[in-house]
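Protein chains in written order, with my numbering: chain A, 1 to 330; chain B, 331 to 672.
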């Protein structure tokens, strides 16, 4: 990774942070409804892993904390914000909301609200891709708590049995909503659990994007070369509660302070400053530019976009009629 | 590679003219022909490959198409159905076989939360050309966990299409149509119909996927049924005919959507109708049909719409109790008398 890449990733992480913080404000202003799960603290995971893959081409699927993954795949952040606002211009035309960002053009195959639900979908995508002779891979991002669902074990078994081209990325932020991992999970190190299915795995510091990138490169290469699935566990932390309705009372201030001292953005920024590649003013200018873009373009787009039409309520439930199926004939 | 006990000889050969086929043979032919014309079509489920399918429906396919297109899965209904959903999202046309509808309860997350909702939640971006085949119904003393009819559970899910073929002709065509469809289609099969014989005429083509069919015309009342209950209704109609009562028998063929125009047209002539269903009475498919027809055609009616349905009990093991738990010809005739003029 060269200096230009590092600076670009720094900007991407800062953009993700500011985007999510602005979502928080818009939620408090009641511009955004429903459930909203934010990503601050975890930016290096999605951005570092996908940097090592082919974002926009490999097929990516995740849970409901999904905005940043979509952005990295190439989804226009304006369309994501418009989706959160429930607007017709949103990437899911206002039918999905924060938990259900979809962008098929960029192969972002969605955010899903059932914990553990995407595991088999990722394996299914991988099976179809392999049958098509493609060297694209499926990448499934889920949190640590998803690994206690039956779909985790069932899918690991099938992915290993059939050597499917799927990379499982476990964003281990240590909590399933308010329950700490050691209170819900017998084996705390998640990467060890897939050993039962002979799936190679690794655990990496999810706050250091350079380490994430390096570990992900190895994982992606493994999967793309046809050697079957791989499981990468990234140790990370979400700064906010599980969702906006979370009082966040279950974590100690000391713990939160420890993790904020390992902030992925600050760590990379300081490293670049120390190396003489960036000044504090450069960083401030970058930040100002991002904040302006979010306000002047992204929020403005979401605010000014039209609502879906009530007449279209029943659109998109079914495919348009296929005459072969509907009109008879063969 | 070791050769399996099923080989090409196990496949059903397409007939050039009308022929007699059993239901399982028609389904086998449909799968074979759909797989031959489209590489994206593949089958997955428990024992569909080497074993040849628990009701022989996938017999011979493994030898012809290989393990990637005829995939024997572990016993993990929830995840292999979800795997089908994922494959459908990226251009696959999976046909998932769930060994019985009872096991489909383990796959409801994939079917209800995923397959049914993805087109809508994505604002029309995703299509889910998934077929899930599952046999159900009361067979012979399989007890409560192997005798369910779950149509009512799936009927309430927007985004699903549900068909219920009961003849070889419909089994072939509705499965072919389901595989061609860009929406998720549940194909409900009936365990006691797989070895029923009937005429199969490839050249005759297919009515629309969701159209109902009049199996016997009549003027005095309409019997609405699907799957095995069509046969029960037909037998009842024959006995009623001996008394000069002409019952029209309609095979619904599809449970979501339901062919209401055809039902209304029939009611417009007969003014009386019974729904004959093998599923439990409470909040079953019959409740929906009766409600929809009451809303749409109340002033055509000369008598209340009624249901002949299964008792609201878990299906018992004992043979006599099992028979008593579901409608038979006598029950249909008795109910018919109750709505006919004295």
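Don't be surprised by glycine CBs; every beta carbon is placed ideally from N, CA and C. The model shown is predicted, which means the values in this text are computed figures rather than measured ones.
To the nearest angstrom, report how far apart residue i and residue j are at their CA atoms.
i	j	result
residue 327 of chain A	residue 494 of chain B	Bear in mind that a pLDDT of 44 at residue 327 of chain A, under 50, signals an unreliable position, so the number given afterwards is only what the model happens to contain. Going by the C-alpha atoms only, they are around 18 Å apart.
residue 355 of chain B	residue 59 of chain A	38 Å
residue 108 of chain A	residue 56 of chain A	7 Å
residue 280 of chain A	residue 301 of chain A	31 Å
residue 465 of chain B	residue 431 of chain B	6 Å
residue 194 of chain A	residue 443 of chain B	26 Å
residue 204 of chain A	residue 397 of chain B	36 Å
residue 236 of chain A	residue 206 of chain A	5 Å
residue 126 of chain A	residue 77 of chain A	27 Å
residue 137 of chain A	residue 199 of chain A	16 Å
residue 71 of chain A	residue 487 of chain B	32 Å
residue 335 of chain B	residue 244 of chain A	Low confidence applies here, because residue 335 of chain B scores a pLDDT of 35, under 50, leaving its location unreliable; read the following figure in that light. Going from the Cα of residue 335 of chain B to the Cα of residue 244 of chain A covers about 58 Å.
residue 550 of chain B	residue 671 of chain B	10 Å
residue 241 of chain A	residue 449 of chain B	30 Å
residue 121 of chain A	residue 381 of chain B	26 Å
residue 10 of chain A	residue 436 of chain B	44 Å
residue 497 of chain B	residue 441 of chain B	25 Å
residue 333 of chain B	residue 263 of chain A	Confidence at residue 333 of chain B is low in this model, with a pLDDT of 33, below 50, so its placement is unreliable and the value that follows should be read with caution. The straight-line gap from Cα to Cα measures roughly 58 Å.
residue 255 of chain A	residue 310 of chain A	47 Å
residue 566 of chain B	residue 659 of chain B	5 Å
residue 429 of chain B	residue 116 of chain A	24 Å
residue 459 of chain B	residue 14 of chain A	39 Å
residue 468 of chain B	residue 361 of chain B	25 Å
residue 337 of chain B	residue 317 of chain A	Reliability of the predicted coordinates at residue 337 of chain B is poor, the pLDDT of 38 falling under 50, and no value is obtained from them.
residue 132 of chain A	residue 420 of chain B	10 Å
residue 588 of chain B	residue 377 of chain B	32 Å
residue 630 of chain B	residue 604 of chain B	14 Å
residue 341 of chain A	residue 39 of chain A	Residue 341 of chain A lies beyond the range of chain A shown here (1 to 330); nothing can be said about it.
Just to confirm the assignment, what range does the alpha helix (DSSP H) spanning residue i have?
i	result
residue 288 of chain A	280-293
residue 516 of chain B	It is not in any alpha helix (DSSP H) - residue 516 of chain B instead sits in the beta strand (DSSP E) that spans 515-520.
residue 660 of chain B	659-669
residue 87 of chain A	No alpha helix (DSSP H) contains residue 87 of chain A, which DSSP labels as neither H nor E.
residue 6 of chain A	3-28
residue 253 of chain A	253-260
residue 218 of chain A	209-224
residue 484 of chain B	481-485
residue 301 of chain A	300-304
residue 504 of chain B	498-510
residue 650 of chain B	649-655
residue 266 of chain A	264-274
Under 8 Å, do residue i and residue j count as touching if we go by C-beta distance?
i	j	result
residue 1 of chain A	residue 210 of chain A	yes
residue 220 of chain A	residue 268 of chain A	no
residue 106 of chain A	residue 64 of chain A	no
residue 521 of chain B	residue 546 of chain B	no
residue 527 of chain B	residue 350 of chain B	yes
residue 66 of chain A	residue 32 of chain A	no
residue 144 of chain A	residue 172 of chain A	yes
residue 252 of chain A	residue 87 of chain A	no
residue 516 of chain B	residue 490 of chain B	yes
residue 157 of chain A	residue 197 of chain A	yes
residue 239 of chain A	residue 41 of chain A	yes
residue 553 of chain B	residue 541 of chain B	no
residue 124 of chain A	residue 413 of chain B	yes
residue 453 of chain B	residue 92 of chain A	yes
residue 341 of chain B	residue 390 of chain B	yes
residue 462 of chain B	residue 388 of chain B	no
What are the boundary residues of the beta strand (DSSP E) that includes residue i?
i	result
residue 53 of chain A	Here residue 53 of chain A belongs to no beta strand (DSSP E), and DSSP marks it neither H nor E.
Is residue i near the ligand FAD, going by C-beta to nearest heavy atom under 7 Å?
i	result
residue 637 of chain B	Among the components modelled here there is no ligand, and therefore nothing to report on the ligand FAD.
* Unbroken beta strand (DSSP E) runs of length 3 or more, entirely within the segment 131-159 of chain A: which are they? -> 138-143
* Sequence ranges, alpha helix (DSSP H) only - wholly within the segment 543-628 of chain B, length at least 4 -> 558-571, 590-600 and 615-627
* Can you give me, in chain order, the residues of the segment 84-103 of chain A that have a beta carbon less than 8 Å from any beta carbon in chain B? => 90, 91, 92, 93, 94, 95, 96, 100, 102 and 103
* To do: Return the residues of the segment 512-528 of chain B that lie within a Cβ-Cβ distance of less than 8 Å from chain A, sorted by chain order.
  => Cβ contacts with chain A: 512 and 513.
* Would you list, in sequence order, the uninterrupted alpha helix (DSSP H) runs of no fewer than 4 residues that lie entirely inside the segment 425-458 of chain B? => 431-434 and 448-451
* Listed from N- to C-terminal order along the chain, which residues in the segment 444-471 of chain B have their beta-carbon within a distance smaller than 7 Å of any beta-carbon of chain A? -> Of all residues in the segment 444-471 of chain B, only 444, 449, 450, 451, 452, 453, 454, 455, 456 and 457 place a beta-carbon less than 7 Å from a beta-carbon of chain A.
* Just by C-beta distance, which residues in the segment 406-419 of chain B are closer than 8 Å to chain A? -> 406, 408, 409, 410, 411, 412, 413, 414, 415, 416, 417, 418 and 419
* Asked: Using a beta-carbon distance cut-off of less than 7 Å, what residues from the segment 576-591 of chain B approach chain A?
  -> none
* To do: Entirely within the segment 382-415 of chain B and at least 4 residues each: give me those alpha helix (DSSP H) ranges in chain order.
  => 391-395
* Interface residues of the segment 305-322 of chain A facing chain B [CB-CB below 8 Å] -> Going along the segment 305-322 of chain A in chain order, one finds 315, 316, 317, 318, 319 and 322 with a Cβ nearer than 8 Å to chain B.
* Just list the alpha helix (DSSP H) runs in the segment 159-200 of chain A, keeping only unbroken ones of 4 residues or longer that don't cross its boundaries, in chain order. => DSSP runs (the alpha helix (DSSP H)) wholly in the segment 159-200 of chain A: 181-184 and 190-193.
* Asked: Given a limit of 9 Å on CB to CB distance, which residues of the segment 494-511 of chain B reach chain A?
  -> 503, 506, 507, 508, 510 and 511
* Asked: Of all the residues that make up the segment 106-117 of chain A, which are near chain B by a beta-carbon distance shorter than 9 Å?
  -> 107, 109, 110, 112, 113, 114, 116 and 117
* Could you name the residues of the segment 155-185 of chain A whose beta carbon sits closer than 7 Å to any beta carbon of chain B, in the order they occur along the chain? => 155, 157 and 158
* To do: Compile a chain-ordered list of the residues in the segment 482-493 of chain B whose CB is closer than 7 Å to at least one CB of chain A.
  => Residues 488 and 489.
* Asked: Going along the segment 56-84 of chain A in order, which residues come within less than 7 Å of chain B, judged by CB to CB distance?
  -> For the segment 56-84 of chain A, which is checked against every Cβ of chain B, the residues closer than 7 Å are 59.
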